[in-house]
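Presented below is the structure to which this report refers.
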Amino acid sequence: MTELAHIRNFSIVAHIDHGKSTLADRLIQLTGTVAERDMKDQLLDAMDIERERGITIKANTVRIDYPARDGHTYVLNLIDTPGHVDFSYEVSRSMQAVEGSLLVVDASQGVEAQTLANVYTAIEADHEIIPVLNKVDLPAADTERVKAQIEDVIGIDASDAIEISAKSGLGIPDVLEAIVNRLPPPQGERDAPLKAMLVDSWYDTYLGVVVLIRVMDGVIRKGDRIRMMQTGAIHNIDKLAVLKPAMLDTPELGPGEIGIFTASIKQVRDTRVGDTITHEKKPCDKPLPGFKPSVPVVFCGLFPVDTNDFEALRTAIEKLALNDASFSYEMETSAALGFGFRCGFLGLLHLEVIRDRLEREYGIDLITTAPSVVYHIHMKDGTVLELHNPADMPDMVNVAHVEEPRIKATILVPDDFLGDVLKLCQDRRGIQLSLTVAGARAMVEYDLPLNEVVFDFYDRLKSVTKGYASFDYEITGYREDNLVKMQILVNDEPVDALAMMVHRDRAESRGRQMCEKLKELIPRHMFKIPIQAAIGGRVVARETLSAMRKDVTAKCYGGDVSRKKKLLDKQKAGKKKMRQFGKVEIPQAAFINALKMDE
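In our numbering, the protein residues as written are 1393 to 1991.
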């Protein structure tokens, strides 16, 4: 049992690539938590895809024992959080489980967009914040400028910021001392009824569902019967452990401690993040406030290239959903692509990660349809529908208006590129909210439609700013706009996989782009094929793919011209009949490339 005064719970927050996971490595290494031979870079990033992309996707926890300079041994519980905006719900729930944060800022790059977003999450959770300047050994490091920036932009006193290099280990002992001396110990009563917060849960093939908890009050022991207050489920605790990062069994967890338990739970769905855990016989009076559930914002269809792989895809998606509660899916069918799933994601990076994991871990070749967002369709009879797939759009005659999701985007950019960024945002139907300049950096806030951001906004932003801009967004709500559904017709047949929602002013240019692209991608047939983009009954763009022709007049040498005419008329009638009954085969590659049109 550890006294409350000797426990410190903290998380590390920073923008992408500012060195969170490397700092976590050094803290683990310096305190000897993991034997030297088991040490590896980014120890807490367990997934292959995290190691390969060099990003953190899941928040990870480790318990460190640190003998401080004052002679006491402290228990430090560290949560390493992701920096990407798509995984910000991981950050927000980790914040609720700890009392303080290390704010890591790159001494050469300074404050970036997600530094702000993550710090504000920490401030909302009432955290004590210690600023840490990383990478001070780089030639481009400018600690004074970055300290001033932290004070101007975030408004935190940075005069006593700790200067470190997480890679070489410079200044790491000072970080450990600051954690012990500057962060508050947790509060909690040992004799009160058990109250623990469910921070995270994941599926383990051998143990079933593993649940990460933070004990607020009371004590939890092996063999206890516990109740989840949201779901009302009752379980028996089989195993209780702390993570060092490997599991180390412990007989009990007291107030302020973070650990895991297993209780023969079969599905991750049965454990809701933010739930309160208490004893069945002696429950606490009221549950903890909990978290808002994560809401998917981007939807797209996933279809197997080979239709025989559908069952394998279903199994793979079910297994992935076990570990990722923020990923939702339902079955759908498409005339062009066969059976598949309509899946919801928190953002484009989340979509890419899931798609990569399906292809890599389960070996399934996938087709991804164009990503779309959720629209609210207000019907004339007063009902409101949620539209996930543009192909399901009801008849416009019965629709009063359409609302689309809007976001508030924060972009930090060097002022040389400011004009290009403003132009990009205006082109995407953005409304400027504010513009502030601190030093050589400008911070712009824009109100943008999520629909315009989903496609390739981030890539375009990076290319117009040579990679120097950083971008963060939050969903603000829904607003009415002049949106229409655009259908693509090939040989007068609508292709549902290519249907999309567009702004009426953009419909023609978008439709023309799509038709030109398809004209190159669809192979020629024996009859001519019209490719059209239509809104309702009105065609806004058209391309015609000419027919392959056989020279039927080759055998006519000289003679009367009417013989040639007769043969050509006969061919023309045949082509006309073919066009009526002919089927146009659109290859799978054409779908994939047509959907990449914005590039």
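Every residue gets a Cβ at the ideal spot worked out from N, C-alpha and C, and that includes glycine.
Checklist line | Buried versus exposed, by CB contacts within 10 Å (16 or more), A1397 | finding: exposed
Next item on the list: Would you identify the three-state DSSP class for E1649, choosing helix, strand or coil?
Entry: coil
Notebook entry, point to check: Around the Cβ of D1757, are there at least 16 other Cβ atoms within 10 angstroms (buried) or fewer (exposed)?
Noted result: exposed
Check: Does DSSP classify A1933 as helix, strand or coil?
Finding: strand
Notebook entry, point to check: G1739 to V1689, Cα distance in whole Å?
Noted result: 6 Å
Margin query: The beta strand (DSSP E) that contains L1604, what's its start and end?
Written below: G1600 to D1609
Check: What does DSSP give as the partner residues of M1723 in its beta bridges?
Finding: F1733
Check: Just to confirm, are R1904 and M1878 a CB contact at a threshold of 8 Å?
Finding: no
Check: Excluding sequence positions up to five away, which residues of its chain have a Cβ less than 7 Å from the Cβ of G1600?
Finding: T1654, S1656, I1657 and K1658
Check: Over what stretch of residues does the beta strand (DSSP E) that includes D1888 continue unbroken?
Finding: Careful: D1888 lies outside any beta strand (DSSP E) and carries neither H nor E.
Check: Is it buried or exposed for Y1721, if we count other Cβ within 10 angstroms and need 16 for buried?
Finding: buried
Checklist line | V1405 classed as buried or exposed, judged by whether at least 16 other C-beta atoms fall within 10 angstroms | finding: buried
Margin query: Given 7 Å as the limit, tell me if M1906 has its C-beta closer than that to any heavy atom belonging to the ligand NAP.
Written below: Questions concerning the ligand NAP fall outside what the structure shown contains, since it holds no ligand whatsoever.
Notebook entry, point to check: By Cβ distance, which residues of its chain are closer than 6 Å to C1735, with the 5 residues on each side in sequence left out?
Noted result: L1694 and Y1721
Margin query: To the nearest angstrom, how far is the alpha carbon of I2064 from that of Q1488?
Written below: Absent from the structure is residue 2064, since the part of the chain shown begins at 1393 and ends at 1991.
Margin query: For R1798, tell me which candidate among G1822, A1792, G1563 and R1664 has the shortest Cα-Cα distance.
Written below: G1822
Note to self: If I measure Cβ to Cβ from A1933 and keep anything under 8 Å in the same chain, skipping five residues before and after, which residues do I get?
What the structure shows: E1900, G1903, R1904, M1906, C1907, Q1924 and A1925
Next item on the list: Return the chain-ordered list of same chain residues with a C-beta closer than 8 Å to the C-beta of Y1374, the five sequence neighbours on each side being excluded.
Entry: This structure cannot speak to residue 1374, because the chain is shown only from 1393 to 1991.
Check: Ordered along the chain, which non-local residues of its own chain (more than five positions away) have a Cβ less than 8 Å from that of K1958?
Finding: none
Notebook entry, point to check: Straight-line CA distance for M1940 to E1885?
Noted result: 21 Å
Notebook entry, point to check: Measuring CB to CB, does E1993 end up less than 8 Å from P1841?
Noted result: Shown here, the chain extends from 1393 to 1991; a query on residue 1993 therefore has no answer.
Note to self: I need the DSSP call for A1862, collapsed to helix, strand or coil.
What the structure shows: One detail in the question is off: residue 1862 reads as Ser in this sequence, not Ala. Three-state DSSP puts S1862 in a strand.
Next item on the list: Can you grab the Cα-Cα spacing for the pair G1666 / L1575, in whole Å?
Entry: 24 Å
Item checked: Buried versus exposed call for V1776 [16 or more other C-beta atoms within 10 Å across all chains shown] -> exposed
Notebook entry, point to check: CB L1495 to CB L1419, shorter than 8 Å?
Noted result: no
Next item on the list: Would you give the residue range spanned by the alpha helix (DSSP H) that G1811 belongs to?
Entry: L1810 to D1819
Next item on the list: Could you round the C-beta distance between K1527 and D1566 to whole angstroms and report it? I think they count as a contact, below 8 Å.
Entry: Contact flag wrong, Cβ pair sits at about 16 Å.
Notebook entry, point to check: If you draw a straight line from the C-alpha of M1893 to the C-alpha of L1910, how long is it?
Noted result: 18 Å
Item checked: Cβ neighbours of T1725 in the same chain (closer than 8 Å, five flanking residues each side left out) -> F1731 and G1732
Note to self: I need the straight-line Cα distance from K1854 to K1815, nearest angstrom please.
What the structure shows: 14 Å
Next item on the list: Enumerate in chain order the residues of its own chain whose CB-to-CB distance from V1876 is below 7 Å, with the five nearest sequence positions on each side excluded.
Entry: V1894, R1896, A1899 and I1927
Notebook entry, point to check: In chain order, which continuous runs of the beta strand (DSSP E) of length 3 or greater are located wholly inside the segment 1728 to 1795?
Noted result: 1730 to 1737, 1758 to 1760, 1767 to 1771 and 1776 to 1779
Margin query: Considering only the alpha carbon of each residue, which of V1745, D1812 and V1611 lies closest to T1857?
Written below: D1812
Note to self: Cutting at 7 Å between CB atoms, please list the residues of its own chain near I1564, excluding the five before and the five after it.
What the structure shows: R1418, L1419, L1422 and I1556
Margin query: Once the 5 residues before and after E1543 are set aside, which same chain residues still bring their CB inside 6 Å of it?
Written below: A1550
Margin query: Is the beta carbon of L1680 closer than 8 Å to that of M1608?
Written below: yes
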